[in-house]
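Chemist: The opening position of the sequence shown corresponds to residue 1 in my numbering, with each subsequent residue numbered one higher.
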Amino acid sequence: MVHQVTSGGKRWLLKAVREAAGELFQQFSGLDEAALCWRPAPAEWCMKEIAAHVRDAELLYQRQIEAIARGDDERLPYEPVDVLPFERDYRGEPLRPFLYEYESAREDTIWLLYSLDEEDWQRTGRHPYRGRVSIFDIARELHEHDLEHLVQARRLREQLRLRR
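1. Classify Arg62 as buried or exposed, calling it buried when 16 or more other Cβ atoms lie within 10 Å of its own Cβ.
2. Distance cutoff 8 Å, beta carbons only. Does Leu76 sit that close to anything in chain D?
3. Are Gly125 and Ile68 closer than 8 Å when you measure CB to CB?
4. Pick out whichever of Arg164, Leu36, Trp121, Leu60 has its Cα sitting closest to the Cα of Asp137.
5. Drop a sphere of 10 angstroms on the beta-carbon of Asp32, count the other beta-carbons inside from all chains shown, and report buried for 16 or more, exposed for fewer.
6. Give the range of the alpha helix (DSSP H) segment to which Val133 is assigned.
7. Comparing alpha-carbon positions, which option in Ile65, Trp38, Val83, Glu87 lies nearest Pro77?
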């Protein structure tokens, strides 16, 4: 389903994407290495894994938006980023590069979205599992993804606080 995009809706979503990323970024400050690597359960992610995951997802969303903007819409890039924290040793890597790469990619994504007009936001590409999705759909999903992991990071910080 392609949504009608208004300039107000575009502005709201851009502001929301920028602010949610900033709030999420703040969740990683002031934690030592043990806290960054602590998992509340074996099948749950630690703070480092959350940071790496949002970076991975950001890069994927960015590639999808770029593909649609270029008119290369036959098959959008896709990677199962939800499994990467379990397949890669993100806990053994430093946090700073994850955050830097996430922040840098988010800035690029925001500038790309700003550069597109409302008609561009309605352009679509073919997602391998979801069918046709618009740039608006991807931007909205990006925001919802941020909120999901913001809540996850806040809960994890609270669990860390209660453990001490």
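Here a beta-carbon is modelled for each residue, glycine too, at the ideal position from N, C-alpha and C.
Just so it is clear, the structure is predicted and the values come from calculations on it, not from any experiment.
Modeler: Inspection of the coordinates gives the following:
1. The residue given as residue 62 occupies position 62 in the sequence shown. According to the sequence displayed, residue 62 carries Gln and not Arg. Gln62 comes out buried.
2. Considering every chain present, this structure includes no chain D. It has just one protein chain.
3. Within the sequence shown, the letter at position 125 stands for residue 125. Within the sequence shown, the letter at position 68 stands for residue 68. Yes; because the gap between Cβ atoms is below 8 Å, this pair is in contact.
4. Walking along the sequence shown from the start, residue 137 turns up at place 137. When each option's Cα is compared against that of Asp137, the closest is Trp121.
5. Position 32 of the sequence shown, counted from the start, is the residue given in the question as residue 32. By the neighbour-count rule (16 or more Cβ atoms within 10 Å), Asp32 is not buried but exposed.
6. To locate residue 133, count along the sequence shown from 1; it is residue 133. Here Val133 belongs to no alpha helix (DSSP H); instead the beta strand (DSSP E) covers 131-134.
7. Taking the first residue of the sequence shown as 1, we reach residue 77 at position 77. The shortest Cα separation from Pro77 among Ile65, Trp38, Val83, Glu87 belongs to Ile65.
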